[in-house]
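Numbering (the working numbering), first residue to last: 7 to 459.
Built from N, CA and C at the ideal position, the CB exists for glycine as well.
From a predicted model like this one, the values you see are computed outputs, not experimental measurements.
To keep things clear, I will list the structure first and then write my remarks on it.
In structure tokens:
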């Protein structure tokens, strides 16, 4: 779709624009002193944590009914258990859920992160995020997550997974991200973005377009897909093999998108090299049959990723963390596996990657994945131990104690709460209460302290 067509489609909304008072920032960014506002929330007026007695001054949750004592006892017991487990974990090189973590020059408030999950909700098909994306990401920042990793963001129009994917392939998309990024920061979380090219899994259907599980035809907004080799994924259309010059161009596209992400205010970049998208397709021998410098053995298959890594590292600030998401196995004989992942992680570390986001699968179709709680954690633990690089764990991590044990036992440096976060944007705040973290130490926005668990 041409830019002119995009602008025309996006501008023809069929409704009058909403007018706001001149100089009024509806997002609340014009609050001059957020710390002061937080302090005022606890000034005993009945509107903050010190004012739970209510407007009349009558005993509230802290009154003679003993509810506050029960809550305090519960928090104390949880804190004792949490401290014991965290202490044991630190002896093994582990950490606690609410310990901060520093990557390069960036400190993240806790180790509960929101992973990139595709929402297929750029309905104008112009790659620009919408108020839905604002609500989705900022809600979870207010809910206490330490890092918010925005969903797979295409570095080229044909790099979208579906026609309704978001993107950063053009400068005119930057402003659409800024308000989201600013308010993630305002809520105390770190905004990160995952950059992606879908390759042979592009032009696929979704709930908003139809054609789910198959290739969207060009007549419905689809496009010709590309890949390292002309090997289709499952029942999708056969992709066209990329030329060497096109590969070089895509390296530049990743770097340009990273530069736009910096301009939008993102504080960390993640390269998507997992789940069977383009970079993952280059890594895996089952999808890469090239005989040139981008195939023909392990060193050739990782070459594209290393070029992308170097290009992005060269355009982002020195103190900005760079993450790479990998599938540690494709669960198929003869394909990508843990040993290759460990070897890659060691090399990525040398190329300036600060953390490896460990997932699995998605590279080939028709495989059996033994999905159950913690099923991917052994992979993150092995990459962390053998490559000596910080890692995240993801995949059916839903319980507080489960997440805490992963960190305490040194199996990961952060956990990513995905589908559970779709059900509960305030998962970290609930986890803090279960672990007995005092309200003042939990990541509550000052406006929410009155409703603390």
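- Residue 278 is bridged by DSSP to 331.
- For residue 219, there is no enclosing alpha helix (DSSP H); the enclosing beta strand (DSSP E) covers residues 216 to 221.
- The C-alpha of residue 106 is placed about 17 Å away from the C-alpha of residue 192.
- For the pair of segments examined, the stretch 167 to 179 was found to touch the stretch 196 to 215: the number of CB pairs separated by less than 8 Å reaches three.
- Bridge pairing for residue 112: 109 [DSSP].
- Residue 395 counts as buried, since no fewer than 16 other beta carbons sit within 10 angstroms of its beta carbon.
- Collapsing the DSSP output to three states places residue 158 in a strand.
- For the pair of segments examined, the stretch 227 to 235 was found not to touch the stretch 362 to 370: the number of CB pairs separated by less than 8 Å stays below three.
- Your pair residue 339 and residue 347 does not check out as a contact, with CB atoms roughly 16 Å apart and the cut at 8 Å.
- Residues of the same chain with a CB within less than 6 Å of the CB of residue 422, apart from the 5 flanking positions on each side, are 119, 121, 398, 400 in chain order.
- Within the same chain, Cβ atoms closer than 7 Å to the Cβ of residue 186 are found at 135, 139, 140, 143, 144, the five residues on either side in sequence being excluded.
- DSSP, read as helix, strand or coil, puts residue 324 in coil.
- Going by DSSP, residue 265 is part of the alpha helix (DSSP H) stretching over 250 to 270.
- DSSP places residue 458 in the coil class of the three-state scheme, outside both helix and strand.
- Taking the Cα of residue 358 as reference, the smallest distance to any Cα among 318, 343, 376, 214 is reached at 318.
- When DSSP states are grouped into helix, strand and coil, residue 178 belongs to the helix group.
- One thing to note: residue 199 has its Cβ within 8 Å of the Cβ of residue 275.
- Under the DSSP definition of a beta bridge, residue 420 partners with 398.
- For residue 118, the three-state secondary structure derived from DSSP is strand.
- Counting the other CB atoms within 10 Å of its CB gives residue 260 a total of 16 or more, which places it among the buried residues.
- The way I'd put it, the stretch 404 to 421 doesn't touch the stretch 368 to 377; fewer than three beta-carbon pairs between them come closer than 8 Å.
- Within its own chain, the residues whose Cβ lies closer than 7 Å to the Cβ of residue 184, once the five positions on either side in sequence are excluded, are 270, 271, listed in chain order.
- Closest in alpha carbon position to residue 299, among 225, 292, 309, is 309.
- Boundaries of the alpha helix (DSSP H) around residue 284: 284 to 289.
- The beta carbons of residue 152 and residue 416 sit no closer together than 8 Å.
- Counted as a single uninterrupted DSSP element, the beta strand (DSSP E) harbouring residue 210 occupies residues 210 to 212.
- Annotated three-state conformation of residue 173 is strand, per DSSP.
- By the criterion of a C-beta distance shorter than 6 Å, residue 182 is surrounded in its chain by 134, 135, once the five residues flanking it on both sides are discounted.
- If you look at residue 363, you'll find it in the beta strand (DSSP E) that goes 361 to 365.
- With distances taken between CA atoms, residue 292 lies nearest to 236 out of 215, 441, 236, 438.
- Under the three-state reduction of DSSP output, residue 237 falls in the coil class, being neither helix nor strand.
- Judged by DSSP in its simplified three-state form, residue 317 adopts helix.
- Around the beta-carbon of residue 117, 16 or more other beta-carbon atoms lie within 10 Å, marking it buried.
- DSSP, read as helix, strand or coil, puts residue 193 in coil.
- Membership of residue 435 in the alpha helix (DSSP H) is indicated by the continuous run 433 to 440.
- In the structure shown, the three-state DSSP call for residue 199 is strand.
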